[in-house]
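Accompanying notes for the structure given below.
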Amino acid sequence: MAKTPVELHVVSDSTGETATRLVHALEAQFPDQEFEEIRHPRVETVDHLRLAVERAKGRPAVVVYTLVEPELREQMRTLCRSARLHYCDLLGHPIDAVARVSGQAAKMTPGARPPLDSGYFKRMAAIEFAVKYDDGMGSGLREADIVLVGVSRTSKTPLSMYLGYLGYKTANVPIVKGIDPPPELYQIDPLKIVGLTIEAGRLAEIRLQRVRRLGGNNRQYAKLVEIYDELEAAEAVHRRLGCPVIEISEPTRRSRPHEAEASRAALALADVVRDPRGCPVRLLRGLHAVLDGDPRGGLARRLPRQAPPGLPTARSERGGIGGGCPEDPLR
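In structure tokens form, the structure reads like this:
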């Protein structure tokens, strides 16, 4: 018997994006529960609040709201209590707490956004970099903060965009059986490089979905025998590079193809850095440090570096592997 969906009513005096991000985080904690998100944006009057509460009343619902005006927040609390609805005020308590500590009154401006500072423009530049050097295009490996290396459909592109959003200039290099990676890959600082891999069966599933979606008939692309060969070739490249390798195989029932894999890889990096504003080399140095005792159960592994014939082992420009930390892109 199917479970009754829980309705999450997102009420906001602006677009509701702030509350929606929290709602998505909440949903991830209940993977076996169905949810229905219902947005109530641009709520500006008590009548608007009443309409939202009436729609949720008597339903298996939770009201999540971001309202700046104290009067509207108080009215929403009263209405939800009267309707016996569970509710969550996302802005009220944080605003009050910061006002008490800082001694300054909040602007109380719905939809207020942070100013466009240098960090914003650096993030935009990093995203443009990820687009420009996606899938082995161009020769930007030396300029990159992070280089992702893996076979097709291992979430290199979405993870590059995510890291770009955090301000890291990220390039990615595809590993194709029978085609050597660019020599430049073996000449850059190895602390920049992260390998991506995936369980063969999961990769076959993703590729088959892609073939069907595009209406193609290239079944070799999704054939397990071919995939095993590709993954072996990728492991050989990762071993030559001596880079950490992140396993991204974790399908979820509700995720679109690649969404879960990209999220898992991003979490592996985020768990190491602890601070998305930390510099990339420090992030990867930390990743190297935890591989021997990975608390996340085998998310990543370290392969010993083996320089291919005729190519030098990558060294830091500051003398020795991993010397120095480049400027933090968000500072």
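In terms of our numbering, the sequence shown opens at residue 400 and continues consecutively.
Even for Gly, the Cβ is constructed at its ideal location relative to N, Cα and C.
What does the alpha-carbon distance come out to for the pair residue i and residue j?
i, j, result
"LYS568", "GLY457", "49 Å"
"LEU602", "LEU547", "17 Å"
"SER413", "TYR564", "23 Å"
"GLU433", "PRO643", "36 Å"
"GLU629", "VAL575", "7 Å"
"GLN503", "GLU473", "21 Å"
"PRO581", "GLY535", "9 Å"
"MET358", "ALA529", "Outside the shown range of the chain, which is 400 to 730, sits residue 358, and nothing can be said about it."
"ARG476", "VAL452", "10 Å"
"GLU426", "ARG454", "21 Å"
"LEU450", "PRO459", "17 Å"
"GLY518", "GLN586", "29 Å"
"ALA543", "PRO573", "15 Å"
"ARG638", "PRO430", "35 Å"
"GLU631", "LEU562", "27 Å"
"LEU590", "ASP516", "29 Å"
Just to confirm the assignment, what range does the alpha helix (DSSP H) spanning residue i have?
i, result
"GLU598", "No alpha helix (DSSP H) holds GLU598; DSSP gives it neither H nor E."
"TYR564", "555-564"
"ARG480", "469-481"
"TYR486", "Element bounds for TYR486: not the alpha helix (DSSP H) but the beta strand (DSSP E), 485-488."
"ARG522", "517-531"
Can you find a heavy atom of the ligand NAD that lies under 6 Å from the Cβ of residue i?
i, result
"ARG420", "As presented, the structure is devoid of all ligands, the ligand NAD included, so that no description of it is given."
Within its chain, find whatever has a CB closer than 6 Å to the CB of residue i; leave out the 5 residues flanking it on each side and keep chain order.
i, result
"THR419", "VAL409"
"TYR395", "No information on residue 395 is available, as it lies outside the stretch 400 to 730 that the chain covers here."
"TYR627", "ALA599"
"VAL445", "GLN474"
"GLY415", "VAL409, ARG438, PRO440"
Can you list, in chain order, the residues of its chain with a C-beta nearer than 8 Å to that of residue i? Leave out the 5 residues immediately preceding and following it.
i, result
"LEU384", "Outside the displayed span of the chain (400 to 730) sits residue 384, for which this structure offers no information."
"GLU435", "PRO404, VAL405, GLU406, LEU407"
How would you call residue i, buried or exposed, if buried means at least 16 neighbouring beta carbons within 10 angstroms?
i, result
"GLY600", "exposed"
"ILE605", "buried"
"VAL500", "exposed"
"PRO469", "exposed"
"ALA496", "exposed"
"GLY577", "exposed"
Kindly list the residues whose CB is nearer than 7 Å to the CB of residue i, restricted to its own chain and excluding five residues on each side of it in sequence; keep chain order.
i, result
"ALA498", "ALA504, ALA505"
"ILE592", "VAL546, VAL548, LEU640, CYS642"
"THR508", "VAL467"
"ILE494", "ALA505"
"SER551", "PRO573"
Quickly, what does DSSP pair residue i with across the bridge? List them, please.
i, result
"ALA570", "VAL546"
Tell me the residue span of the beta strand (DSSP E) that contains residue i.
i, result
"SER411", "405-411"
"VAL463", "460-465"
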